[in-house]
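**Q** I'd like to ask you about the structure that follows.
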Amino acid sequence: MQSLPSLRLTAHLNAVLRFRVGVAEATAAVLADDVAHHVVDPDDLLGLDPSAATPMATALPVIATREPEMWMLALPVPGALAPLRGPAELNLAAVEVGEAVVAAGGGLALVPHAVGRGVQWRAFRAERPFAPPSSYDAERALSETVLSAAETLTRLDVAAGPRPLAGGVVLAPGYSPRQRVAADRAARLLMACDSALSSDGSALSAHEAGVRARELRRLRAAAADALCAAASWM
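For the sequence shown, our numbering gives the first residue as 9, with consecutive numbering after it.
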């Protein structure tokens with residue numbers, strides 16, 4: 009889950025805003041083990057060369073000045089786009105890859121696309137997004153969903169899926185220990201749900217398979233909300 013480039017960019021843009029890391033340190037953390045990151049700005053939202061891909065080291069200082077309050081992580085899926093509010097071009101691009109970074113004040117969002125061993129970010133116009141739940145509220149909702157889903161799946165006697173593996177999420181400096189724990193837990197559950205949804209869990213009937221998938225999707229949504237909240241609030 010640490011491979012999510014939008015998670016890394018959201019956390020480190022927020023850390024730059026709070027003066028917890030410098031731009032050079034943030035850029036290195038966003039790149040992580042990737043070969044390179046570039047930003048394309050075809051609509052001239054950032055004042056970058058619209059005809060070329062700008063290296064992240066050059067683009068990130070410009071991006072960081074475009075939002076004074078908070079950068080938000082989005083992990084949209086069809087039917088659940090929050091915090092994104094459009095326009096449609098942004099929503100479609102973000103759903104296609106399952107992630108985006110959006111300025112809390114609106115005006116700008118960035119969507120990553122893998123290009124070989126690198127990442128190319130596309131700048132999009134963005135409406136002011138919905139505010140995410142507080143990290144505390146998202147954690148509580150996730151805990152309640154875990155208990156509810158476990159009860160339903162146990163009653164049906166079908167497998168939820170493999171136990172969550174280590175998420176490996178490392179937030180930027182400045183995040184509280186509680187947020188770090190919450191992000192790691194949410195990431196592990198998100199990975200486990202994605203893995204479990206790829207099989208029927210040995211369900212014995214179409215009804216059981218349907219109930220299992222419904223509970224896993226509900227749990228995945230709660231985990232995504234918790235991860236977004238942990239990364240967005242600082």
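Even glycine gets a Cβ: it sits at the ideal position worked out from N, Cα and C.
1. May I ask you to list the residues that DSSP assigns as paired with P63?
2. How many whole angstroms separate the CB atoms of A108 and A67, which I take to be in contact at a CB cut-off of 8 Å?
3. At which residues does the alpha helix (DSSP H) containing R130 begin and terminate?
4. If we ignore side chains and look at the alpha-carbon of each, how far apart do V38 and D202 end up?
5. Roughly how many angstroms separate the alpha carbons of A65 and R74, rounded to a whole number?
6. Using the Cβ count rule (16 or more neighbours within 10 Å means buried), how would you classify T162?
7. Any heavy atom of the ligand GTP closer than 7 Å to the beta-carbon of G182?
8. L116 to A221, Cα distance in whole Å?
9. DSSP state of A82, grouped into three classes?
10. Considering only C-alpha positions, which residue in the set N22, E152 and V154 is nearest to P69?
11. Thinking C-alpha only, which one of A88, R130 and G113 is nearest H121?
12. Please state if the CB of A111 and the CB of A134 are separated by a distance shorter than 8 Å.
13. My assumption, with CB atoms under 8 Å, is that V103 sits in contact with P86. Please give the rounded CB distance.
14. Can you have a look at L155 and say buried or exposed, based on whether 16 or more other CB atoms are within 10 angstroms of its CB?
15. Can you have a look at M9 and say buried or exposed, based on whether 16 or more other CB atoms are within 10 angstroms of its CB?
16. My output table needs one value for V110: the three-state DSSP class, helix, strand or coil.
17. Just confirm the distance between the C-beta atoms of A237 and A146, as a whole number of angstroms; I'd bet it's less than 8 Å.
18. Identify, in the order they occur along the chain, each residue of the same chain with its Cβ nearer than 6 Å to the Cβ of A44, setting aside the five sequence neighbours on each side.
19. Under the three-state reduction of DSSP, which class applies to P4: helix, strand or coil?
20. So what's P69 in DSSP terms, helix, strand or just coil?
21. Starting from the C-beta of R16, find all residues in its chain whose C-beta is less than 7 Å away, skip the five residues before and the five after it, and write them out in chain order.
22. Let me make sure I understand the geometry here. Which of A200, H215 and G182 has the alpha-carbon closest to that of A232?
23. Cβ of A8 within 8 Å of Cβ of H46?
**A** Well, looking at it:
1. H46
2. The Cβ separation is near 16 Å, so there is no contact.
3. Run containing R130: none in the alpha helix (DSSP H); it sits in the beta strand (DSSP E), G126 to F132.
4. 24 Å
5. 16 Å
6. exposed
7. Ligands are entirely absent from the displayed structure, and the ligand GTP is therefore not among its contents.
8. 34 Å
9. strand
10. N22
11. R130
12. yes
13. 6 Å
14. exposed
15. Summary for M9: the model assigns pLDDT 44, below 50, so the residue's position carries little reliability; its value from the coordinates is reported in the next sentence. So M9 counts as buried.
16. strand
17. 4 Å
18. G126
19. The question about residue 4 has no answer, for the chain in this structure spans 9 to 242.
20. helix
21. A37, V38 and A40
22. A200
23. Beyond the ends of the chain as shown, which are 9 and 242, falls residue 8; an answer cannot be given.
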